[in-house]
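Colleague: This is the structure I have questions about; it appears just below.
In the numbering used here, the protein residues as written are 1 to 179.
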């Protein structure tokens, strides 16, 4: 329950030259399962590259922060017992984002982004899924040398992304009445 969130932290790191984008925003919802009514916090970490000084990135940054906060707030409403197998899921990103708690949280965040950016939810969702797929393919290209195996693995990733996207749409229809 959101009333159990005891704090929120916004951490900003400047002049980070290790990222290939103007900024990277990551969030975390942390809790103690032994004492669920205590120690629930939301953390949002912003890594800014040198290009953060350019005002043209401010709106995108604010939208990403809103999306991330909304995602983490959704986790605060889910109940700590739903996170039992969570650490194991984080090892495989496709498995991770297909978990019910993540589908609910990503849909909440992406819906917030769609509203904030005044774009249709499906466009925002498709953009998110494209970034996930591009990231996976880049990772596979670094580790898989055989082109036939690389093709098979990327095809399976595409199919998995499509199935996960459909789960996101089902959740959006259920929660936000998206058509």
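Where is the CB? At the ideal position from N, CA and C, for every residue including glycine. As the structure is a computational prediction, the values presented were derived from the model and not from experiment.
So, are the CB atoms of residue 40 and residue 76 less than 8 Å apart?
Modeller: Yes, they are a contact pair.
Colleague: Quick one: what's residue 9 bridged to in DSSP?
Modeller: Beta-bridge pairing links residue 9 to 43.
Colleague: Roughly how many angstroms separate the alpha carbons of residue 46 and residue 8, rounded to a whole number?
Modeller: Going by the C-alpha atoms only, they are around 14 Å apart.
Colleague: Find the nearest neighbour of residue 11 within the set 93, 106 and 25, judged by alpha-carbon distance.
Modeller: Out of 93, 106 and 25, 25 has the C-alpha closest to the C-alpha of residue 11.
Colleague: Enumerate, from N- to C-terminal direction, the unbroken alpha helix (DSSP H) stretches of 4 or more residues contained entirely within the region 136-170.
Modeller: Taking only runs of at least 4 residues, no alpha helix (DSSP H) segment lies wholly in the region 136-170.
Colleague: Going straight from the alpha carbon of residue 146 to that of residue 116, what length do you get?
Modeller: Distance between the alpha carbons of residue 146 and residue 116: 43 Å.
Colleague: Is residue 136 closer than 8 Å to residue 125 when the C-beta atoms are compared?
Modeller: For residue 125 and residue 136, no; Cβs fall outside 8 Å.
Colleague: Taking residue 18 as the reference, give the member of 141, 112 and 50 with the closest Cα.
Modeller: When only C-alpha atoms are compared, the closest one is 50.
Colleague: Should residue 99 go down as buried or exposed, given a rule of 16 or more other Cβ atoms within 10 Å for buried?
Modeller: Buried is the call here.
Colleague: Per DSSP, which one or two residues make a beta bridge with residue 25?
Modeller: Residue 25 is bridged to 46.
Colleague: Between residue 169 and residue 122, what straight-line distance do the alpha-carbon atoms span, to the nearest angstrom?
Modeller: Each residue's alpha carbon lies about 8 Å from the other.
Colleague: Going along the chain, which residues of its own chain have a beta-carbon closer than 8 Å to the beta-carbon of residue 68, five neighbours each way excluded?
Modeller: For residue 68, where only same-chain residues beyond five positions count, the Cβ hits under 8 Å are 25, 26, 27, 44 and 109.
Colleague: Starting from residue 72, follow the alpha helix (DSSP H) in both directions and report where the run begins and ends.
Modeller: From DSSP, the alpha helix (DSSP H) with residue 72 extends over 58-76.
Colleague: Which residue wins for smallest C-alpha separation from residue 128, given the options 113, 92, 72 and 65?
Modeller: When each option's Cα is compared against that of residue 128, the closest is 113.
Colleague: Where do the ends of the alpha helix (DSSP H) carrying residue 112 lie?
Modeller: Counting along the chain, the alpha helix (DSSP H) containing residue 112 begins and ends at 100-117.
Colleague: Could you tell me whether the Cβ atoms of residue 81 and residue 105 are closer together than 8 Å?
Modeller: No. Outside cutoff.
Colleague: May I have the straight-line CA-CA distance separating residue 164 from residue 94, to the nearest angstrom?
Modeller: Rounded to whole angstroms, residue 164 to residue 94 spans 8 Å at the Cα level.
Colleague: Taking its Cβ as the centre, do 16 or more other Cβ atoms sit within 10 Å of residue 132, making it buried, or is it exposed?
Modeller: Buried, because 16 or more other Cβ atoms sit within 10 Å of the Cβ of residue 132.
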